[in-house]
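Beneath this line is the structure, given in structure tokens, with notes to follow.
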């Protein structure tokens, strides 16, 4: 039996939304820096382009659901697994989903935020997470 057939994978956002107000403020700030310190601004813009190129070339981080466990990325190079037998409850919140689980009798709560996903991916991931428990 193919064990990969039962795995669902949901791709996380690669880069923050360019339409967000944070980026508008960033562009205004960069324009002011360029106006006064063009050499410094050239360095900052170069670092931003290098980071973006590096980030987009990396494989996408994915939240993976299988019949036995869930794999949640927690950092740049780290992730952790939660076995299905350890999960007690998966509940919906205003900002995402909370996974309540116990390991060695100690309760843990893992938040999966809807902001981690694009809207179209979240509409698929949320029901799958709720049905997974």
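Residue numbers (my numbering): 50 to 182. Idealized CB from N, CA, C, for every residue including glycine.
For residue i, does the count of other Cβ atoms within 10 angstroms reach 16, so buried, or fall short, so exposed?
i: residue 59; result: buried
i: residue 165; result: buried
i: residue 173; result: exposed
i: residue 161; result: buried
i: residue 148; result: buried
With DSSP run on the structure shown, which of helix, strand or coil describes residue i?
i: residue 62; result: coil
i: residue 173; result: helix
Residues bridged to residue i by DSSP?
i: residue 157; result: 150
i: residue 162; result: 145
For a quick check, are the C-beta atoms of residue i and residue j less than 9 Å apart?
i: residue 56; j: residue 135; result: no
Complete runs of the beta strand (DSSP E) confined to the stretch 74-143 [at least 3 residues]
111-114, 118-122, 128-132, 136-141
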